[in-house]
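Q:
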Amino acid sequence: MSPCCCFLPIRAVSDRCARYIFLLLGIGILVPWNAFISAVPYFQSRICSIPGAEAQFESWVGLIFNLSSVGALTLLLSWPLWKHQFQKLFLFRRRIPHNEIETVGVGVLRDNHHQVPPEPSPHHQPSSHDAPPDDAHYNASFWMVTIPLTLSLCVFVVTDLLVAIQNITPSAFLVVTLMGMSLCGACAAFAQAGTVATSGFFPGQVGINPFVSGQAVGGVLVSAANFISAMAEDPQVYWDQHCDHNHENNSTTATAASKATTTKNHNNTTLGHYSTTTCPPYQTMDAAVFIYFLVGACVLLACVMGYTLLDASARARRLQEQYETVGNTTDESTIEEFRDEPVEITSSQSHQHQQPFDIAQEGCDSVCADNNEEDVYETSSSDRMAAGQHDDVLRTATAELQPPQTVLQAIKGPAFCIFFTFFVTLSLFPSWTSRLQSIHQCQPNSNRLSNDLYVPFTFLLFNIGDLTGRELAGRILALDRMDNVSFKLVMASIARFLFFPMLLLCVGGSSSSSHHGIPSDFYSVTVQALFALSNGALITLAFMHAPSLLPATVPGANEKSSEILTLSLSLGLFCGSLFAFPVSKLAS
């Protein structure tokens, strides 16, 4: 029987089960973002009495969510340095009591005359204290996922309660909502970094690939729900708001032009459809929004339970690999010979190699014959335990002090690829893509897909294309057979800047009379599909390729890598969201 069997807390789950859990985590981590974005009309209806808050709310959602994510990841990366300063000041200056022995390393006992480094016992068995420094980082990954997901769950419960409360003031509602969004943004960053670190203990097809695919699945589900919601709306409302001016004379009055400008942004693909021309008081609970956030809370709860099972499985896999490695490198015949034959140790060797407990067992007569000729240092069991605890702190601090620049230098290619990919995506989607139009819009006998369903269709197209790209990237391309993968990923992400002119040449604008660019729906749909496919494929390839670049000699490299990649993702989202404002203004 393998020696690791005694240490396994739970049998490792199957690869298929682990794949589904990672898929669920991918969906759940983005549930707060998808939920708040989809429910923007509901939030706007609750704060419409606050001047200017309704019009800027959607922009503030993206800004606050992404800014809190970037701040949380920056704090996460700088935390080891702060922690080391604390340990350096308060932990490593402690002395072991009884004999006033200073612990400076692994059982090193020092005074003015001698140093006695204890040798490991030949009968020493692996224990949790002998685990490599990665164990501290691995335990941190567990808390980095479960606590943020639990906090996000609490935010959803509070948001659901606010849906049922009608008499709260709009200002208080806005403050609580924005605080919840900020907390969810930070929690999503922590949870994503911890999940990416955990996925490193599984094969790419089991861990990281289903995780990034799950993020796309969440987008598909939300966009599909929005498309179905739009289908249930009366199409005549869209015609009245967007198509009436097509039947008027070219000399349209200023009043009609003002009306067209007022209604230009009413094409909406998010959950719920509220009129922005009036601000009726919130007097009846919105059952659809209540159920929506309740389902989101259930998904987050399932993620917490699933990750707990996944954590136990990953720990079992890791311990099994650790003890199998020890078993393969141990000379069993030498161990048996050592157990059967006595070992003779001279007096000088006993001073250098014997442990205090071994000395006590042999008796003090042979060791303490002449106290003036030789000093013998004895430590109690509590002293030895304290030395071991200080050793654990030292090893953990040494692992955490490994500069992030070492890991960044190794994975800079995938990190830059992720940043550029999301920067281009968020600069154009959804700020500009939501304003694209069909060339058959408002024409007689045109179907709904060319009118009120066109923008919901483009959202669904993007999310399906993104999911397809993530799935194909993990199944078709074999990165281990390619050369200069990091360079090719960076070049491919930079090449996506070509989508700026390609998408700006699509038909779009503030009204159906502002057609410009290439008058072809086929061109517009094709470019949008390629835009989505490239986004999903490059993100998946970057996350899959990064673990293969990590140096084996760097403790905690897996976790540092996940933090850096997640920071690149959040920075790309944040910078892309900011750049979307000038892009939209330039396009209009």
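This note's numbering applies: residue 18 is where the sequence shown begins, and numbers increase by one.
C-beta atoms are modelled at their ideal positions from N, C-alpha and C, and glycine is treated no differently.
(1) Taking all protein chains shown into account, decide if L586 is buried (16 or more other Cβ within 10 angstroms of its Cβ) or exposed.
(2) Any idea what DSSP makes of R127, helix, strand or coil?
(3) State the DSSP-derived secondary structure class of G221, mapped to helix, strand or coil.
(4) Assuming V321 and T215 make a contact with CB atoms under 8 Å, what is their CB distance in whole Å?
(5) Over the uninterrupted alpha helix (DSSP H) stretch that includes Y37, give me the two end residues.
(6) Just reading off the alpha helix (DSSP H) that H562 is part of, what are its end residues?
(7) Is it right to say Q366 is buried, meaning 16 or more other beta carbons lie within 10 angstroms of its own, or is it exposed?
(8) Write down the C-beta distance between G618 and I493 rounded to the nearest angstrom, noting that I regard them as a contact closer than 8 Å.
(9) What is the DSSP secondary structure of D500, counted as helix, strand or coil?
(10) Within 10 angstroms of the Cβ of A271, are there 16 or more other Cβ atoms? Answer buried if so, exposed if not.
(11) Taking 6 Å as the limit between beta carbons, can you name the residues of its chain near P227, skipping five residues before and five after?
(12) Please state whether DSSP places L470 in a helix, a strand or coil.
(13) Keeping to the same chain, check which residues put their C-beta closer than 7 Å to that of R63; ignore five residues upstream and five downstream.
(14) Would you grab the beta carbon distance between L478 and Q545 for me? Rounded to a whole angstrom, and I think it's under 8 Å.
(15) Using only the alpha-carbon positions, how far apart do L166 and Y471 sit?
(16) Pairs of beta-carbons, one from the segment 558 to 567 and one from the segment 489 to 504, closer than 8 Å: are there three or more?
(17) Among I535, V600, F53 and A574, which residue has its Cα nearest to the Cα of I456?
(18) Which residue wins for smallest C-alpha separation from T570, given the options A509, V424, W160 and M519?
(19) Roughly how many whole angstroms lie between the Cα atoms of Y324 and D32?
(20) Per DSSP, what kind of secondary structure is L453 in: helix, strand or coil?
(21) For G525, name the three-state secondary structure that DSSP assigns.
(22) Below 8 Å on the Cβ atoms is my guess for S510 versus T438; work out the distance and round it to an integer in Å.
(23) Going by beta carbon distance, what residues of the same chain come within less than 6 Å of A208, once the five residues before and after it are set aside?
(24) Can you tell me whether N83 is helix, strand or coil according to DSSP?
(25) Could you pull the start and end residues of the alpha helix (DSSP H) that G202 belongs to?
(26) Please report how far the alpha carbon of A329 lies from the alpha carbon of T212, in whole angstroms.
(27) Would you mind giving the Cβ-Cβ distance between D469 and A305, rounded to the nearest angstrom? I have them listed as a contact below 8 Å.
(28) Does the distance from the CB of I44 to the CB of V234 come in under 8 Å?
(29) Using three-state DSSP, classify E161 as helix, strand or coil.
A: In this structure, then:
(1) Here residue 586 refers to the residue found at position 569 of the sequence shown. L586 is buried by the Cβ-count criterion.
(2) Along the sequence shown, one-based indexing puts residue 127 at 110. Because the pLDDT of R127 is 42, which lies under 50, any placement of that residue in the model is unreliable, and the number read from its coordinates should be weighed accordingly. The answer is strand: DSSP assigns R127 an E or B state.
(3) Residue mapping note: residue 221 aligns to position 204 of the sequence shown, counting from 1. Three-state result, G221: coil.
(4) Looking up residue 321 in the sequence shown gives position 304. Looking up residue 215 in the sequence shown gives position 198. No, V321 and T215 are not in contact; Cβ-Cβ is about 14 Å, not under 8 Å.
(5) Translated into positions along the sequence shown, residue 37 becomes position 20. Taken as a continuous stretch (DSSP letters only), the alpha helix (DSSP H) holding Y37 covers D32 to I46.
(6) Locating residue 562 in the sequence shown gives position 545, counting from the first residue. Residues D538 to H562.
(7) Looking up residue 366 in the sequence shown gives position 349. For Q366, the pLDDT reaches just 48, beneath the cut-off of 50, and the residue's location in the model is therefore unreliable, although a value from the coordinates is still provided. It is exposed - the Cβ of Q366 has fewer than 16 other Cβ atoms within 10 Å.
(8) With the chain running from 18 to 605 in the structure shown, residue 618 is simply not present.
(9) Position 483 of the sequence shown, counted from the first residue, corresponds to residue 500. Coil.
(10) Against the sequence shown, residue 271 aligns to sequence position 254. Summary for A271: the model assigns pLDDT 36, below 50, so the residue's position carries little reliability; its value from the coordinates is reported in the next sentence. Flag for A271 reads exposed.
(11) Position 210 of the sequence shown holds residue 227. R36, F39 and L40, listed in sequence order.
(12) To locate residue 470, count along the sequence shown from 1; it is residue 453. Reduced to three states, the DSSP call for L470 is coil.
(13) Start at 1 with the first residue of the sequence shown, and residue 63 comes out as number 46. Cβ within range, chain order: P187, F190 and Y299.
(14) Taking the sequence shown and counting its residues from 1, the one referred to as residue 478 is at position 461. Taking the sequence shown and counting its residues from 1, the one referred to as residue 545 is at position 528. Between Q545 and L478 the Cβ distance is about 6 Å, and since that is below 8 Å, they are a contact.
(15) Walking along the sequence shown from the start, residue 166 turns up at place 149. Walking along the sequence shown from the start, residue 471 turns up at place 454. So the two alpha carbons sit approximately 35 Å from each other.
(16) By the Cβ rule, the segment 558 to 567 counts as touching the segment 489 to 504, because three or more pairs are nearer than 8 Å.
(17) Counting from 1 along the sequence shown, the entry for residue 456 is found at position 439. Selected option, being the one with the closest Cα: I535.
(18) Working through the sequence shown from its first residue, we reach residue 570 at position 553. Closest option to T570, Cα to Cα, is V424.
(19) By 1-based counting over the sequence shown, the position of residue 324 is 307. By 1-based counting over the sequence shown, the position of residue 32 is 15. Computed Cα separation, rounded: 14 Å.
(20) Within the sequence shown, numbered from 1, the residue matching residue 453 stands at position 436. Looking at L453 - three-state DSSP - the assignment turns out to be strand.
(21) On the sequence shown, position 508 is the one that residue 525 refers to. G525 falls in the strand class under three-state DSSP.
(22) For the purposes of this step, residue 510 is taken as the residue at position 493 of the sequence shown. For the purposes of this step, residue 438 is taken as the residue at position 421 of the sequence shown. Right, the Cβ-Cβ distance comes to about 5 Å (below 8 Å), so this counts as a contact.
(23) Your numbering for residue 208 matches position 191 in the sequence shown. If we look at A208 and ignore the five residues flanking it on each side, its Cβ neighbours are I46, V162, P165 and L166.
(24) Along the sequence shown, one-based indexing puts residue 83 at 66. Looking at N83 - three-state DSSP - the assignment turns out to be helix.
(25) Within the sequence shown, the letter at position 185 stands for residue 202. Counting along the chain, the alpha helix (DSSP H) containing G202 begins and ends at P187 to S216.
(26) As a position in the sequence shown, residue 329 is number 312, starting the count at 1. As a position in the sequence shown, residue 212 is number 195, starting the count at 1. Near 13 Å, if we compare the C-alpha coordinates of T212 and A329.
(27) Reading the sequence shown from its first residue, position 452 is the one you call residue 469. Reading the sequence shown from its first residue, position 288 is the one you call residue 305. About 19 Å; that fails the 8 Å criterion.
(28) Along the sequence shown, read from residue 1 onward, the residue named residue 44 stands at position 27. Along the sequence shown, read from residue 1 onward, the residue named residue 234 stands at position 217. In terms of Cβ geometry, I44 and V234 form a close pair [threshold 8 Å].
(29) Taking the sequence shown and counting its residues from 1, one reaches residue 161 at position 144. Rather than Glu, the amino acid found at residue 161 in this sequence is Met. The DSSP-derived three-state label of M161 is helix.
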